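Numbering (our numbering), first residue to last: 527 to 683.
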């Protein structure tokens with residue numbers, strides 16, 4: 527059977543990153559860990575890859591070295607139910623060296639871009655009323671961490 531997994535390239539922080547994600551998300555399962563051998567760019571025995579599933583999505587975290595960096599061209603969306611979820615994930619991802627960005631986007635301390643998106647925003651941005659869509663979109667554009675109540679108020683006019 528063919529499957530798809532996302533490979534996340536870290537300089538040396540793959541294990542720390544996976545531990546962060548395990549602390550934030552309830553459903554993280556590690557399937558396999560491989561280690562650098564002799565002659566690698568990291569010391570022998572250092573983690574090379576971690577194969578894991580996070581909320582049903584398959585990933586490989588790779589300690590590949592400093593040659594490549596994350597960019598905003600790729601992000602992971604955390605689609606959440608409540609403002610408490612927005613707050614918890616936002617703080618967990620931006621804390622300890624992460625960065626806030628516009629419109630619900632942020633970066634974790636490793637530079638990986640995330641979008642913390644409440645389900646309510648998706649509903650507002652796909653609403654049949656174009657005025658509601660526009661007001662919700664304009665409100666979102668003025669925010670960093672998304673505020674569900676403020677988005678709903680803006681959409682209502």
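C-beta atoms are modelled at their ideal positions from N, C-alpha and C, and glycine is treated no differently. Keep in mind the model is a prediction, meaning the values are calculated, not measured.
- Between the region 568 to 580 and the region 636 to 648 there are fewer than three inter-stretch CB-CB distances shorter than 8 Å, so the stretches are not counted as touching.
- If you check the CB distance, residue 643 and residue 604 come in under 8 Å.
- Closest in alpha carbon position to residue 529, among 584, 631, 666 and 676, is 584.
- Residue 661 and residue 627 do not touch by the CB rule: their CB atoms are close to 22 Å apart, not below 8 Å.
- Contact check for residue 612 against residue 556 fails: the beta carbons are separated by 8 Å or more.
- Rounded to whole angstroms, the Cβ separation of residue 588 and residue 547 is 14 Å, and the two are not in contact under 8 Å.
- Classified as exposed, residue 594 has fewer than 16 neighbouring CB atoms from the shown chains inside 10 Å of its CB.
- The beta carbons of residue 681 and residue 645 sit no closer together than 8 Å.
- Here the alpha carbons of residue 617 and residue 542 stand approximately 17 Å from one another.
- Residue 530 carries a coil assignment under DSSP once its states are collapsed to helix, strand and coil.
- Taking C-beta separations shorter than 7 Å and ignoring five residues to either side along the sequence, the partners of residue 539 in its chain run 636, following chain order.
- Taking 3 residues as the minimum length, the beta strand (DSSP E) runs contained wholly in the region 583 to 641 are 583 to 589, 601 to 606 and 631 to 633, in order along the chain.
- Assigned with DSSP and collapsed to three states, residue 574 falls in strand.
- For residue 624, same chain residues with a beta-carbon under 8 Å away, outside a window of 5 residues either side, are 632, 633, 634 and 635 in chain order.
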